[in-house]
Amino acid sequence: MKASRKDMLFFLTLTPFSISLLAILVIAILILISRSFEAFNAFGLSLFTSSIWDPEHSRYGLLAPIVGSITTSILATVTALVFSVPLAILLAEYVHDLVRDILSSIVELMSGVPTIIYAMWASMYLAPILKTYVMDPLSIYLSFIPIFSCKPITAFTIFTAGISIGISITPYVTAMIFESYESIPTTYREACLGIGATRYETVKVLLSLAKPAVIASIILGFARALGETTIAVTTIGNSMYLGSCIFSPGYTVSALIASQFGNAYLYRYAESVLYSSALVVLVVAIILSFIGLSLMSRWRRRVVV
Amino acid sequence: MYAVEMENVNVYIGNRHILKNISLKIPYNSVYVIMGPSGSGKTTILRVINRLIDVNRDARVEGTVKVLGFDALKKDPYELRRYIGMVFQTPNPFPHMTIYDNVAIAAKINGVAKNRKDLDAVVRWALEKAMLWDEVKDRLYDYPHQLSGGQKQRLCLARALAMKPKLLLLDEPTANIDPVNARKLEEAIVSLKDEITVIMVTHYPHQAARVADYVTIVYDGRIVEQGPANQIFLRPTTELAQKLLRGEI
Chain X
14 MKASRKDMLF FLTLTPFSIS LLAILVIAIL ILISRSFEAF NAFGLSLFTS SIWDPEHSRY
74 GLLAPIVGSI TTSILATVTA LVFSVPLAIL LAEYVHDLVR DILSSIVELM SGVPTIIYAM
134 WASMYLAPIL KTYVMDPLSI YLSFIPIFSC KPITAFTIFT AGISIGISIT PYVTAMIFES
194 YESIPTTYRE ACLGIGATRY ETVKVLLSLA KPAVIASIIL GFARALGETT IAVTTIGNSM
254 YLGSCIFSPG YTVSALIASQ FGNAYLYRYA ESVLYSSALV VLVVAIILSF IGLSLMSRWR
314 RRVVV
Chain G
16 MYAVEMENVN VYIGNRHILK NISLKIPYNS VYVIMGPSGS GKTTILRVIN RLIDVNRDAR
76 VEGTVKVLGF DALKKDPYEL RRYIGMVFQT PNPFPHMTIY DNVAIAAKIN GVAKNRKDLD
136 AVVRWALEKA MLWDEVKDRL YDYPHQLSGG QKQRLCLARA LAMKPKLLLL DEPTANIDPV
196 NARKLEEAIV SLKDEITVIM VTHYPHQAAR VADYVTIVYD GRIVEQGPAN QIFLRPTTEL
256 AQKLLRGEI
């Protein structure tokens, strides 16, 4: 067999696998669109502007879970950022090679831990601690700020879910920031040292150089937090309440789907409404991932290559 | 008194013996050129002087290194580098900073300027010294990717000068730029020696002849010959030096 024919055969063997992956995504989107049609037709835009959830009377609104998703994702991203940036800098700049290898292995291991483990840990241990030592004091001393204005009646709140999801995505965000920071060519580090910069000043310059990559990591972390289901459904309290306070129970779109999908066939429109909410999550996650990945690759082209 | 004094300096990276018994004395306010073929240890000498060798965790330095009167191997490397600017072989301006900021950052880090007016003056002075001011004065807020390779390298020189160093290390600064820009850089280097001691690594004999007051020839980690530039170029005593100057190595 000629070499070119072998190449062609090899190419033809690989292609279906690559195409099928893309096809699965397209099919998933098409199914979501077709199954959402009924809800869109019945409720129109009010599906996204109303917060009423009354399946028995066929009244549906996704505003509460959408706001819940956004709020928990913001909280999660901020939490992840608070831990990730210092951890990434510590790993890249300050620790010995051996310690770095051990710590980065732990970070990688943590990103592989099933989310149900985080969910169990968060609901059993983290939530009560957050309630006693964070939510209760904040609701007393900073109650003039609308987001802290309610007294938490339970430990399972939007705040708890946000922090818990944030901890679970921290390894993922840390790994991305660390990788970006490490991929900055040595020549820029040497440029800093060559003008008399201290280690702190070098970190400042290199971090500002890596800023687009950090922003991309934040966006990708946000997208991941948006889709997080197990931790959300376990820690958010699963309530359709819509308010400005983050110490109240709430819902995220993913938690809503996970908790309601099993019984949705019992109610008219319920399945279609859940499909439409899944479509929203998927589209937003795809757009965010696309923006994040584009930013990251543009940064790599400009700085790393 | 010398700007740099090295005595019996040996450098090892892992098990490799990179510099072997290097001894040299570099007078203040001179252009001192270190020549030699690729891999002979020229850059390592520069990196020992400003302790950039420390970045390589496998590196070990033995001997005595005095830089500007300090015991360089004992002094805090970050403190030592406050006095020493360095320009690298490949131009490396910070891509996320404007031309102005690329120069200003060095002045800020080293506390050279107290206010914005001072900073503007330092940036202008450094760019003029690097012979770049006329080409960029109307586009100080452009980014370095809009400059040519030679302009980028002169920007790096301006950045190093903005820290007002006492010692300037140039590691083959013209290796990656065109001849016209290389000449401009050479002119800038020669004009600097009244204020700064310049140590330049190059493997171009003609360039060394144009700028050097003193020359050291390094081969395989050892000094083959050293002395005033005229003496080295007119009457090289070793065969290796003669071959190197003829461009045969």
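Heads up: the sequence lines are chains X and G, in that order.
Counting the first sequence from 1 gives a position; this note's numbering is that position plus 13.
Counting the second sequence from 1 gives a position; this note's numbering is that position plus 15.
Note that beta-carbon positions come from the ideal geometry of N, C-alpha and C, so glycine has one too.
Since we're looking at a predicted model, the values are computed, not measured.
- At least one CB of chain X lies nearer than 7 Å to the CB of isoleucine 124 (chain G).
- When DSSP assignments are scanned along the region 197-277 of chain X, the uninterrupted stretches of alpha helix (DSSP H) that are 4 or more residues long and fall wholly within it turn out to be 199-207, 212-222, 224-240, 243-248, 266-273.
- In the structure shown, threonine 113 (chain G) falls within a coil segment according to DSSP collapsed to helix, strand and coil.
- Contact between the region 62-69 of chain X and the region 41-52 of chain X is absent: fewer than three C-beta pairs spanning the two stretches fall below 8 Å.
- For glycine 234 (chain X), the CB contacts under 7 Å within the same chain, skipping 5 residues up- and downstream, are Thr90, Ala93, Ile182, Tyr185, Val186 in chain order.
- Considering only beta carbons, no part of the region 207-219 of chain G lies closer than 9 Å to chain X.
- Around the CB of glycine 275 (chain X), fewer than 16 other CB atoms lie within 10 Å, so the residue is classed as exposed.
- Residue contact with chain G for glutamate 69 (chain X): absent (no Cβ-Cβ distance below 7 Å to any residue of chain G).
- The beta carbon of valine 98 (chain X) sits no closer than 7 Å to any beta carbon of chain G.
- Contacts between tyrosine 201 (chain X) and chain G, judged by CB atoms closer than 7 Å, involve Asn107, Phe109 in chain order.
- Residues of chain X whose Cβ lies closer than 7 Å to the Cβ of glycine 100 (chain G) are, in chain order, Gly207, Ile208.
- In this structure, leucine 45 (chain X) lies away from leucine 301 (chain X), with their beta-carbon atoms at least 7 Å apart.
- Counting only runs of 4 or more residues that sit fully inside the region 43-116 of chain X, the alpha helix (DSSP H) segments are 59-62, 76-102, in chain order.
- Against chain G, a Cβ distance below 8 Å from glutamate 214 (chain X) picks out Ile124.
- Rounded to the nearest whole angstrom, the C-alpha separation of glutamine 168 (chain G) and alanine 177 (chain G) is 14 Å.
- Shown here, histidine 218 (chain G) sits in coil according to DSSP, grouped into three states, outside any helix or strand.
- Per DSSP, arginine 237 (chain G) lies in no alpha helix (DSSP H); the unbroken beta strand (DSSP E) holding it starts and ends at 237-243.
- Within the same chain, Cβ atoms closer than 6 Å to the Cβ of alanine 224 (chain G) are found at Phe248, the five residues on either side in sequence being excluded.
- Listed as beta-bridge partners of alanine 74 (chain G) by DSSP are G:Ile28.
- The distance from the Cβ of threonine 59 (chain G) to that of valine 26 (chain G) is about 6 Å, consistent with a contact at the 8 Å cut-off.
- Taking every protein chain shown into account, the CB of phenylalanine 56 (chain X) has 16 or more other CB atoms within 10 angstroms, so this residue is buried.
- Close partners of phenylalanine 103 (chain G) in chain X (Cβ separation under 9 Å): Thr200, Glu203, Ala204, Gly207.
- If you look at tyrosine 93 (chain G), you'll find it in the alpha helix (DSSP H) that goes 92-96.
- Residue environment for glycine 207 (chain X): buried (at least 16 other C-beta atoms within 10 angstroms of its C-beta).
- A Cβ-Cβ separation of about 7 Å places asparagine 191 (chain G) in contact with glutamine 104 (chain G) under the 8 Å criterion.
- Rounded to the nearest whole angstrom, the C-alpha separation of arginine 72 (chain G) and valine 95 (chain X) is 30 Å.
- Around valine 316 (chain X), the beta-carbon contacts reaching into chain G at under 7 Å are Pro110.
- Restricting attention to X:Thr84, X:Leu75, X:Glu284, X:Met189, the CA atom closest to the CA of valine 120 (chain X) is found in X:Met189.
- Within the model, the alpha-carbon separation for asparagine 44 (chain G) versus proline 180 (chain G) is close to 12 Å.
- Taken in chain order, no unbroken stretch of beta strand (DSSP E) lies wholly in the region 136-160 of chain X with a span of 3 residues or more.
- Residues of chain G with a Cβ closer than 9 Å to the Cβ of serine 221 (chain X) are, in chain order, Phe109, His111, Met112.
- The C-beta of threonine 211 (chain X) comes closer than 7 Å to at least one C-beta of chain G.
- Here the alpha carbons of alanine 174 (chain X) and isoleucine 158 (chain X) stand approximately 20 Å from one another.
- When C-beta atoms of the region 141-155 of chain G are compared with those of the region 83-91 of chain G, fewer than three pairs fall below 8 Å, so the two segments do not count as touching.
- Interface annotation, arginine 139 (chain G): not in contact with chain X, CB-CB separation never under 7 Å.
- Residue contact check for arginine 97 (chain G) against chain X: a CB pair falls below 7 Å.
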